[in-house]
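As structure tokens, the structure follows; a few thoughts come after it.
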Amino acid sequence: MGFYHDGLKFWNLNRVRVEPHGIDSIDACGRRRNKRAIKGNMVVMMRTGVFGRIRPITRKEVGGCIRRFQSTASSSNSTLQEASKLSASEKATLETAENDELELTTGIIQKSSKEGLLYFDNLYPRLLKFGPVSMDGIVNKLLGLDGDKLHQTLTKHCVPEDSPLILTKVTPRVKDGGAFARFSVNEELAGNEHWNSQKIETTLSRYFSEHSYRPWYNSPFRPVRMFPVRGTPWIEDLRRSRNSNLKVYFEGEDVSQEALYSVFRRYGPIMDIIPPEPGDPEPRSAQVKFAYKTDAATARNCVNGLSLKSGKTKLHISFEKVDRQNAAIKWLVDHPRIVIPVLFALLATLAVLIFEPIRAFSIRHKITGRYVVLDGYPKLNKIKNIIFGFFTKVHGYVDDSLTSIGWKDDAGYNPMEHLWDARKEAISTLKQWINEGVGTFIVVFGPRGSGKDSLVQNQALKDRGNVLTIDCSALVKSRSDSAFLKTASRSLGYYPVFPWMNSISTFLDLIAQGLTGQKTGFSETIETQFKNMLTTAATAVSQSALEKRAKDQDGTKENYLQLHPENKPVIVIRNLVSRSEEKNSFVYTQLADWAAGLIQANVAHVVFVTDDVAYDKVLEKSLPNQVFKVLPVGDANRSAAYNFVLEQVRASQQQKKKEKKEAEEMGEDERKPQEREPSINLEGLEEALEPIGGRMTDLQAFSRRLKSGETPQHAVTDMIEQAKVEVLLMFVTKATQRWTKEQAWTLIKMLAAQEDMEKQPHQPNNHSFFGIGNNEDEKETSSSETNKDEHEPIWLPLNTLSQDSNFSSPQQQEALNELENSEMIKLQTEAGRIISIRAGKPLYQAAFTSLAKDASLSAWMESQILSMMISKENSSIREYETELESLAKLPAKWEIKSRIDYLSTKLHGCQERIEGYEKELAHQKKVIQKTKRN
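Numbering (my numbering), first residue to last: -11 to 922.
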């Protein structure tokens, strides 16, 4: 045997195979190199690099190698003499080189009795391979899993510092994710201590269990494990993929399942062991199915070649062959429960990637009222502005010319102008809040028909170009899911939207459920879809708020919006209510949460327009610990209401005159027959407006009656009669769990009686259509001229109302809040408590007075109230009598005499009240009988 020593490298040239095409030589120091030299032209190829590429080497290098081989192998005696002169460490190195060469030749790792062979799993990351190209080499170098770094890592976690053990060899098994490590004993450090393989492995295992190794690139739940190698490992580089199924061949007698389990279970959980069949041919084999591939690979590397039954049986282990033909297609077909949901998820993801940018763009267009395609192109944007400016000037010139020659009528006088003049302060306040950026909800609150929507949309926000209006009532009243989606997309500008996909997705979900046994989740509820629409809308709102930031690069996005609140869009949410029994009532909560997110992100102003007095119950849940900016809106004052009705009538007369003039200008044959025009009588207009007050909807209805030819007195009388019917149907005869008809009638009676009393001078006058403040019912002082011009409401103090038995307890007073939500009454609060009550609108006050004067209705309602009171007093008397009976059974003592006297007094008082109620009830019955005869 001949060796060539070149520095730190030993070249074993005695195992060179001489073949017709050349020779092979192997580097024995762990750097595996395959060289091929072809004699003749000496074309030499060497396999190098991480990808196993072949590169030529020079003739000089091969020639030098061959000459060294010839000179070394010329005399065996001289070689042996040289080998005998080597030190012990050099001899160990030579032995290691010989073993390494044997491993590379046979694929079998050999060890001596003074060496320990251990296997480490979960050491290498599992990477994908693309055909013959593997990324293992590059990644392992980057992670420090080759060469000296891996040697140092294993030494640090396995070998104790004071131990004579040294790591001599690391054999990687990258495709199995582990590596073999050979440990030997340094005789100089060991001294007289005896070491064998078992002691080496025990020492290393104990130390490794205390200093475990968890690579960051692998799963934290599967650390590196160390196992002693019991068999004879077979290091092969065949193209066999590892899997969780092992095939164990028996060389000799069969091995039982129990024995196989005891051998293999230490390497990981076993799912099944299939023993050989009785008639199987030689060699007989069993199957061991592990739960994980890594555990199976570890067991194969540690147990292969193990002898059992005192050497009668030897185990040969290989991976079960996997049929890879159409494996992907087979897996897709065999796993519909996974494939179908994933396929639908991919389709949904593709739809999101395609349509979501388009929808965000549509929402931005809805907010700004213009297309934003040219926003990123300032030069094209400038050309567009020039063209649009030119056509705008031409349109204005033509419009003025047509108006001057009489071909186009002038817009004329706007009848709402008087109302907006009186409301300038409210409009200015709302504009100031929006321009300043208050950082909370802005709530415009007022009774139904008070004109709050027109104040926000047509006055305060008419000059803004970035407004998005959402009507809650239109969304809630949608009867089907498709109608809801269409309404929501129309409100948000969310296009394209496919409502018909709801039916298809539900159908596909049912099909998938029939195939797989479970729902795929492809079909979404209407709530989830609306929430997704709001999420996209929030993104579009944020983009719209920051679209001008490219021109003004001053600070971050947050600072930019803080400095420029006027660039933030305004979101107007109308008709918010606190309680609804509709199918789509989730709209209120989701819109409130969405608006709160916009406020917290500081990307928009949010204005709620509502007539619900309990709006704060919804908004406080979405934006807690915030004080809302509230703008109360009341009714119009007397002069504004009078001018509004007068201008409505005059505008109608002018329109009729114009139509009559156009008819006269037509020929006799073409003239259409004209209906008789009703004459308009405005006599007593001011007196007729007194019971109507300043509610906008009532004023418009009153104006329509006047334009149809009714006199003011007749029109207001008819409107009062309609209000009476409305009150009776909605509040008196329609008793609910929230209030009783007796409570409703008590309020009607007491508010009607309060009208005849003298008004207190300190009472606030907040019946104005344009009242401004944090609360509509704040006390204000005003001059006599202002009070004279405003409609004074009738306020009933709560102290007076609480004297009545129907509102004597706090539980009974809760009905006041329910009646306020139903707009029958209006409550005045101070410091969070109710202090007075008035009618929900001025016309209701006139209806209350008229109803109280109806003797038959009053007697009928009073009879029911009296009957209820008599029943209540009788119930109290029974309770007193029961307690007196129990007291009578006790011994006569002076301690209970005071209680007996108290109960007796109470019983006597109840009896006196019953007698009074019965007398009043008899009187009311006589009134009812009298009205029946009449």
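We treat Cβ as the ideally placed atom computed from N, Cα and C, and that holds for glycine.
Anticipated Cβ contact below 8 Å, residue i with residue j, distance rounded
i      : j      : result
Leu936 : Ala178 : Outside the displayed range of the chain (-11 to 922) lies residue 936, so it cannot be described from this structure.
Glu708 : Glu743 : Going by the sequence as given, residue 708 is Ile instead of Glu. With a Cβ gap of about 14 Å, Ile708 and Glu743 do not count as contacting.
Thr919 : Ala843 : 6 Å
Ser532 : Ile355 : 5 Å
Bridge partners - residue i, DSSP secondary structure assignment
i      : result
Ala315 : DSSP, once it has assigned bridges, lists no residue as partnering Ala315.
Pro785 : Ser824
His304 : Tyr237
Met214 : Phe108
Ile559 : Leu456 and Val594
Phe433 : Thr598 and Pro620
Leu296 : Thr301
Ile96  : Trp222
Range covered by the beta strand (DSSP E) that runs through residue i
i      : result
Thr159 : Leu153 to Arg161
His593 : His593 to Thr598
Asn233 : Asn233 to Gly240
Ala274 : Ser273 to Phe278
Lys814 : Ile813 to Glu818
Asp260 : Ile258 to Ile262
Ser793 : Per DSSP, Ser793 belongs to no beta strand (DSSP E) and is neither H nor E.
Ser172 : Gly166 to Val173
The alpha helix (DSSP H) enclosing residue i, as first and last residue numbers
i      : result
Pro798 : Pro798 to Asn809
Ser479 : Asp469 to Leu480
Arg325 : Pro324 to Thr356
Val291 : Lys281 to Val291
Phe574 : Phe574 to Ala589
Ala834 : Pro830 to Ala840
Ala448 : Segment: none, Ala448 is in no alpha helix (DSSP H) and carries neither H nor E.
Arg692 : Met684 to Lys695
Pro700 : Pro700 to Val715
Glu869 : Ala843 to Ala876
Asp136 : Asp136 to Cys146
Thr609 : It is Lys, not Thr, that sits at residue 609 in the sequence shown. First-last of the alpha helix (DSSP H) with Lys609: Asp604 to Ser610.
Leu522 : Ile514 to Ala533
Phe719 : Taken as a continuous stretch (DSSP letters only), Phe719 belongs to no alpha helix (DSSP H), as it is neither H nor E.
Val251 : Gln245 to Phe252
Thr190 : Ser185 to Glu198
Outcome for residue i when other beta-carbon atoms lying within 10 angstroms are tallied against a minimum of 16
i      : result
Glu189 : buried
Tyr905 : buried
Ser846 : buried
Glu861 : buried
Asn490 : buried
Asp254 : Strictly speaking, residue 254 in this sequence is Arg, with Asp absent from that position. Arg254 should be labelled exposed.
Met259 : exposed
Thr598 : buried
Asn928 : Nothing about residue 928 can be reported from this structure: the residues present for the chain run from -11 to 922 only.
Val633 : buried
Arg821 : exposed
Asn314 : exposed
Asn935 : In this structure the chain extends from -11 to 922, so residue 935 is not present and cannot be described.
Asp686 : buried
Trp183 : buried
Leu498 : exposed
Gly299 : exposed
Tyr249 : exposed
Would you call the segment 268 to 283 and the segment 190 to 208 in contact, with 3 or more CB pairs under 8 Å?
no
Measuring CB atoms only, is the segment 139 to 150 touching the segment 185 to 205, in the sense that at least three cross pairs come out at less than 8 Å?
yes
Three-pair Cβ contact test at 8 Å for the segment 731 to 738 versus the segment 783 to 796:
Verdict: yes, contact present.
Within the chosen definition, does the segment 227 to 244 reach the segment 305 to 320 through at least 3 CB pairs nearer than 8 Å?
yes
Any chance the segment 428 to 438 sits against the segment 617 to 635, with 3 or more Cβ pairs inside 8 Å?
yes
Report yes or no: do the segment 812 to 822 and the segment 870 to 879 share at least 3 C-beta pairs separated by less than 8 Å?
no
Do three or more CB pairs link the segment 629 to 649 to the segment 593 to 610 at distances below 8 Å?
no
Can you find at least 3 beta carbon pairs, one from the segment 310 to 330 and one from the segment 411 to 431, that sit closer than 8 Å?
no
Spell out a yes or no on whether the segment 327 to 341 and the segment 450 to 466 are touching, meaning 3 or more CB-CB pairs, one atom from each, closer than 8 Å.
no
With three or more C-beta pairs closer than 8 Å as the rule, is the segment 624 to 633 touching the segment 470 to 482?
no
Touch test, the segment 683 to 701 against the segment 715 to 730, Cβ-Cβ under 8 Å, three pairs minimum:
no
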